[in-house]
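In my numbering, the protein residues as written are 33 to 228.
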Amino acid sequence: MARVLSVAARRKLSLGALHLPAWAVGVALPIVLLAMAAVAMAASSGQAVGPVLSGSITGSAGVTAQQALTVTTCDITTHSASDDALCAIGAQQTTFTAAIEMHRGDKPVISLGIFNASQVDVNGTIALSVPPGFDVEVEDTDSTNASLREAQMARSTWLLFVGVANSEKLRITLRPRPDVTPGFYTVSATINEILG
Numbered sequence: 033m034a035r036v037l038s039v040a041a042r043r044k045l046s047l048g049a050l051h052l053p054a055w056a057v058g059v060a061l062p063i064v065l066l067a068m069a070a071v072a073m074a075a076s077s078g079q080a081v082g083p084v085l086s087g088s089i090t091g092s093a094g095v096t097a098q099q100a101l102t103v104t105t106c107d108i109t110t111h112s113a114s115d116d117a118l119c120a121i122g123a124q125q126t127t128f129t130a131a132i133e134m135h136r137g138d139k140p141v142i143s144l145g146i147f148n149a150s151q152v153d154v155n156g157t158i159a160l161s162v163p164p165g166f167d168v169e170v171e172d173t174d175s176t177n178a179s180l181r182e183a184q185m186a187r188s189t190w191l192l193f194v195g196v197a198n199s200e201k202l203r204i205t206l207r208p209r210p211d212v213t214p215g216f217y218t219v220s221a222t223i224n225e226i227l228g
């Protein structure tokens, strides 16, 4: 048997133009097979066995940003026997319209509940549309409380500071000039939050 192995080891195997001793092929063949198996395992690692599901989820969500300052209540007080007054708040609660029947000497007062829906103090403006022949005064109802303050910026625009826990009302007093004829008048306003 030793003689057979000795003869086989001296023989040369030919693979095309390549001539290798038989003993080299016997040693190299298991190494080559092991290397090929390792490459196959590395290439398939991390892959699932069986059916593979893949895909993605896409979609969208509508986002609406609203301002924090809103009008929650609107009340009108007149100093005459007339009770023909109405105040309506807009759908977004950032506008209101007040309709008032005026008599000579009337000084109607519009009281607005201003609410701050955010978690921080907010500045804003209130712009009034007042008919000609009227003077207007805007003031907070409690000057000792710091949760609502106002300052006039222009003839019909006021700067507002509204604290987080505001419970005050903004009072708008209309003063008709002596030459204003009795009749039906409309006052409207828009409240805007100042961002930045």
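Yeah, the Cβ is synthetic: ideal placement off N, Cα and C, and Gly gets one too.
Environment of Thr-102 [buried if 16+ CB atoms lie within 10 Å]: As a working note, residue 102 is residue 70 in the sequence shown. Per the 10 Å Cβ criterion, buried.
Beta-carbon spacing of Val-162, Val-219 below 7 Å: For the purposes of this step, residue 162 is identified with residue 130 of the sequence shown, where counting begins at 1. For the purposes of this step, residue 219 is identified with residue 187 of the sequence shown, where counting begins at 1. Yes. Within cutoff.
Proximity to His-135 [Cα-Cα], best of Asp-116, Ile-146, Ala-149, Ala-159: In the sequence shown, residue 135 corresponds to position 103, counting from 1. Ranking the options by Cα distance to His-135, first place goes to Asp-116.
Buried/exposed call for Pro-208, threshold 16 Cβ in 10 Å: Looking up residue 208 in the sequence shown gives position 176. Classification of Pro-208: buried, given that the 10 Å Cβ count is 16 or more.
C-alpha gap between Val-212 and Val-152, whole angstroms: Along the sequence shown, one-based indexing puts residue 212 at 180. Along the sequence shown, one-based indexing puts residue 152 at 120. Going by the C-alpha atoms only, they are around 43 Å apart.
Length of the line joining the Cα atoms of Thr-182 and Thr-157: Reading the sequence shown from its first residue, position 150 is the one you call residue 182. Reading the sequence shown from its first residue, position 125 is the one you call residue 157. Sequence inspection shows Glu at residue 182; the Thr mentioned does not correspond to that position. Answer to the nearest angstrom: the Cα atoms are 9 Å apart.
Selection from Leu-66, Ala-93, Gln-99 that minimises the alpha carbon distance to Glu-225: The sequence position of residue 225 within the sequence shown is 193, counting from 1. Cα-wise, what sits closest to Glu-225 is Gln-99.
Simplified DSSP state of Leu-66, which is helix, strand or coil: Numbered from 1 along the sequence shown, position 34 holds the residue referred to as residue 66. Of the three classes helix, strand and coil, the one that applies to Leu-66 here is helix, per DSSP.
Three-way DSSP call (helix, strand, coil) for Asp-172 in this model: In the sequence shown, counting from the first residue as 1, residue 172 sits at position 140. If DSSP states are grouped into helix, strand and coil, Asp-172 belongs with the strands.
Spatially closest choice to Ile-142 from Thr-173, Leu-66, Ala-186, by CA coordinates: In the sequence shown, residue 142 corresponds to position 110, counting from 1. The option with the nearest alpha carbon to Ile-142 is Thr-173.
Residue closest to Asp-167, alpha-carbon to alpha-carbon, out of Ala-123, Thr-105, Leu-206, Leu-144: Here residue 167 refers to the residue found at position 135 when the sequence shown is read from its first residue. Of Ala-123, Thr-105, Leu-206, Leu-144, the residue nearest in Cα terms is Leu-206.
Val-194, buried or exposed, once every other Cβ within 10 Å from all chains shown has been counted against 16: Here residue 194 is taken as the residue at index 162 of the sequence shown, counted from 1. Looking at its Cβ environment, which holds 16 or more other Cβ atoms inside 10 Å, Val-194 is buried.
Beta bridge counterpart(s) of Ile-146 as assigned by DSSP: Looking up residue 146 in the sequence shown gives position 114. Answer by DSSP bridge pairing, in chain order: Val-103.
Distance CB(Ile-108)-CB(Ala-123) smaller than 7 Å: Taking the first residue of the sequence shown as position 1, residue 108 is located at position 76. Taking the first residue of the sequence shown as position 1, residue 123 is located at position 91. No, the Cβ-Cβ distance between Ile-108 and Ala-123 is not below 7 Å.
beta-carbon Ser-188 near the ligand NAD non-hydrogen atom, thresh 6 Å: You won't find the ligand NAD in this model; it holds no ligand whatsoever.
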